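Peer 1: Below you will find the structure I want to go over with you.
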Amino acid sequence: MFKNLSTGTKQITVAVFPLLAVIILFIIVGKFGLSKISEVRAGLAKAQKDRTILTQKTDILRTVSASVGESANAALVVLPESNPSLAVVSQIKLLALENSVLVSGIKSGPEIADKTGLLRTDISFDIIAPRDQMIAFIKATGNIAPVIVVDKIKLSENGGVERAAISVKSFWSPLPTKLPLLTTEITNLTEAEKQLITDMGSLRKPVFVIVPPSTGTGRTDPFSP
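Using the UniProt record's numbering, the letters of the sequence shown correspond one by one to residues 1 to 225.
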């Protein structure tokens, strides 16, 4: 192809070819360099964002550190990590005593996967009391922890004695097994969430009485003379 070119054209081609090679090489290297610069800039931007998020988390944790333990404990009592049947039964018996209600036939059902995504146990029992005291007892169940929901109430009367068959739902949920990434952005609690924590803290917690071991001073061997 170069044989048909004039001497001047050949000279120009020879002179221009290296320049073209340099330009092409510059374009290739430039594109590679620009892509690397873009990657570095993106990495710096992400690092800056992560640093901002971590600083924000630190500030929020400093703000709530004084109350977060108490709030977490209240939440665990309201929605325990394991079956709260014993605590619920204890609360029911205490409410019955305070409202002069006779409670009997307490039964706890099996573990159920509730449609809410929580685990659930149904607890049924019978109460005998005048109507006003029954109503007061049922209203009081909404103010106890662990939280329960009255599911069914069946009223009956026999010989002037009023009784009710009641079924309640108690809930629990295992604690999360995975924590969010440190760089996951968080926000302060909303007013509704703060009010929910306050409401949980105001619920009546179960009281468990621990009987101390006997410290009798009698004879070590009861069969000794």
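Positions of the beta carbon are idealized from the N, C-alpha and C atoms, including for glycine. Please read all numbers here as calculations on a predicted model, not as lab measurements.
(1) Classify Q91: buried if its beta carbon has 16 or more other beta carbons within 10 angstroms, exposed otherwise.
(2) How is the alpha helix (DSSP H) around L102 delimited, first residue to last?
(3) Spatial neighbours of S156 within its chain, please: C-beta separation below 8 Å, excluding the five flanking residues on both sides.
(4) How many Å lie between L118 and I135 at the Cα?
(5) Starting from the N-terminal side, write out each stretch of the alpha helix (DSSP H) that is 4 residues or longer and does not extend beyond the segment 123-179.
(6) Going by other Cβ atoms of all chains shown within 10 Å of its Cβ, with 16 needed for buried, is L181 buried or exposed?
(7) Would you check if the segment 139-146 and the segment 87-105 touch, i.e. whether three or more CB-CB distances between them fall below 8 Å?
(8) Nearest-angstrom Cα distance between E98 and K205?
(9) Please return the same chain residues whose Cβ sits closer than 8 Å to the Cβ of P110, not counting the five positions on each side in sequence.
(10) Which partner residues of T121 appear in the DSSP bridge assignment?
(11) Along the alpha helix (DSSP H) that carries K194, what are the first and last residues, could you check?
(12) Indicate whether S170 and S124 have their beta-carbon atoms separated by less than 7 Å.
(13) Suppose contacts are defined by Cβ-Cβ distances below 7 Å. Is A74 in contact with M200 by that definition?
(14) Does the Cβ of L95 have 16 or more other Cβ atoms within 10 Å, making it buried, or fewer, making it exposed?
(15) For V149, count the other beta carbons within 10 Å of its own beta carbon; 16 or more makes it buried, fewer makes it exposed. Which is it?
(16) Whole angstroms is fine: what's the gap from V100's alpha carbon to L179's?
(17) Please list, in chain order, all residues of the same chain as V77 whose beta carbon is under 6 Å from its beta carbon, the five residues on each side excluded.
(18) Excluding sequence positions up to five away, which residues of its chain have a Cβ less than 7 Å from the Cβ of V207?
(19) Where does I112 land, buried or exposed, given buried means 16+ other C-beta within 10 angstroms?
Peer 2: So, to answer that:
(1) The residue given as residue 91 occupies position 91 in the sequence shown. Result: buried.
(2) For the purposes of this step, residue 102 is taken as residue 102 along the sequence shown, with counting starting at 1. First-last for L102: L102 to S108, but that is the beta strand (DSSP E), not the alpha helix (DSSP H).
(3) Walking along the sequence shown from the start, residue 156 turns up at place 156. So the qualifying residues of the chain are E162, R163, A164 and A165.
(4) The residue given as residue 118 occupies position 118 in the sequence shown. The residue given as residue 135 occupies position 135 in the sequence shown. When rounded, the distance between both Cα atoms is 28 Å.
(5) 131-140
(6) Within the sequence shown, the letter at position 181 stands for residue 181. Classification for L181: exposed.
(7) yes
(8) Start at 1 with the first residue of the sequence shown, and residue 98 comes out as number 98. Start at 1 with the first residue of the sequence shown, and residue 205 comes out as number 205. So the alpha carbons of these two residues sit roughly 15 Å apart.
(9) In the sequence shown, counting from the first residue as 1, residue 110 sits at position 110. Closer than 8 Å at Cβ, skipping near neighbours: T121.
(10) Position 121 of the sequence shown, counting from 1, holds the residue named residue 121. Paired residues: S170.
(11) Taking the sequence shown and counting its residues from 1, one reaches residue 194 at position 194. Segment E191 to S202, the alpha helix (DSSP H) holding K194.
(12) Indexing the sequence shown from 1 puts residue 170 at position 170. Indexing the sequence shown from 1 puts residue 124 at position 124. Contact: no.
(13) As a first step, residue 74 must be located in the sequence shown, where it is residue number 74. As a first step, residue 200 must be located in the sequence shown, where it is residue number 200. Yes, they are a contact pair.
(14) Taking the first residue of the sequence shown as 1, we reach residue 95 at position 95. So L95 counts as buried.
(15) In the sequence shown, residue 149 corresponds to position 149, counting from 1. So V149 ends up on the exposed side.
(16) Position 100 of the sequence shown, counting from 1, holds the residue named residue 100. Position 179 of the sequence shown, counting from 1, holds the residue named residue 179. Here the sequence assigns Ser to residue 100, which means Val is not the residue at that position. When rounded, the distance between both Cα atoms is 46 Å.
(17) Locating residue 77 in the sequence shown gives position 77, counting from the first residue. Contacts found: A145 and K205.
(18) As a working mapping, residue 207 is identified with position 207 in the sequence shown. Around V207: no qualifying Cβ.
(19) Your numbering for residue 112 matches position 112 in the sequence shown. With fewer than 16 other Cβ atoms within 10 Å, it is exposed.
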